[in-house]
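Before any comments, here is the structure.
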């Protein structure tokens, strides 16, 4: 399957020749047309969505220094010329061409922190993200707040660590066994595969043993380390993640609360209602009503 890019805009990458530096800079500034030369962080966004106006980059455009690429062959030159702090690949459904381009990019630029955004929930996508060692896998619908949080966290980590790449922070050597030798960021790599699993499969049953196996830990080790890293148990994290996704869907769709419950992984509507009220303070119908009411 091949992507069908939409017509380029003023913020879309245009090919430039690298044989003349001054000419390259001139064309780069014209082609990207950034809203603010000093805005941070610099993000290169590989937009592989098929319909105009559906990409998340459209929602954050102007909030960050974002340059968009729509054609895969342009990605290497864009990275060389723009030197982004963060790279993002956004898919509707990942296809072979997009995954191959992401794989090549990770191989050539392993220290470039990369976000992967997809509209497809599948184990294959989650495993792909794990193998490519992306910073995070986000599954649409994704709130702008969640996306901004990821970008801000990634920016802070990369700047604080300096020469140490985000990939090294998240994915320490597989042979490292001594947790006491790892700093806080590196410890997070031990259970990151479980976080990616939740993002990809929160709408399905997720066994703790399976999450532990993805992290190459026993169930007891996984429970202990996950609690150390995130301050909550894996079950609590999964519950909160599902409730957060339910809040987004209640606020942004006309689906019934029961339908929302099933769509985020709850098989028991009564339990969903109780869990939602414990976390949010309102039952689902009250929450939707509050979102629909105009602010005073």
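Numbering (UniProt numbering), first residue to last: 1 to 296.
No residue lacks a Cβ here, since even glycine has one placed at the ideal position from N, Cα and C.
With a cutoff of 9 Å on beta-carbon distance, residue 136 and residue 196 are scored as near each other. Under the three-state reduction of DSSP output, residue 51 falls in the coil class, being neither helix nor strand. One alpha carbon belongs to residue 209, the other to residue 73, and they sit about 41 Å apart. Annotation: residue 228 to residue 191 spans about 10 Å, alpha carbon to alpha carbon.
Looking at the DSSP output, residue 191 sits in no beta bridge, so it has no partner there. The three-state secondary structure of residue 103, taken from DSSP, is helix.
In the DSSP assignment, residue 250 falls outside any beta strand (DSSP E) and within the unbroken alpha helix (DSSP H) covering 234 to 252. DSSP places residue 138 within a strand segment (E or B) once states are collapsed to three.
The alpha carbon of residue 200 has as its nearest neighbour, out of 111, 127 and 234, the alpha carbon of 127. By the neighbour-count definition (other C-beta atoms within 10 Å, threshold 16), residue 290 is an exposed residue.
Boundaries of the beta strand (DSSP E) around residue 114: 114 to 118.
Per DSSP, residue 70 is not a residue of any beta strand (DSSP E), being assigned neither H nor E. Residue 202 and residue 53 have their C-alpha atoms some 26 Å from each other. Boundaries around residue 79 are those of the alpha helix (DSSP H), 75 to 82, since no beta strand (DSSP E) includes it. For residue 134 and residue 283, the gap between their C-alpha atoms comes out near 36 Å. The beta-bridge partner set that DSSP reports for residue 88 consists of 45 and 115.
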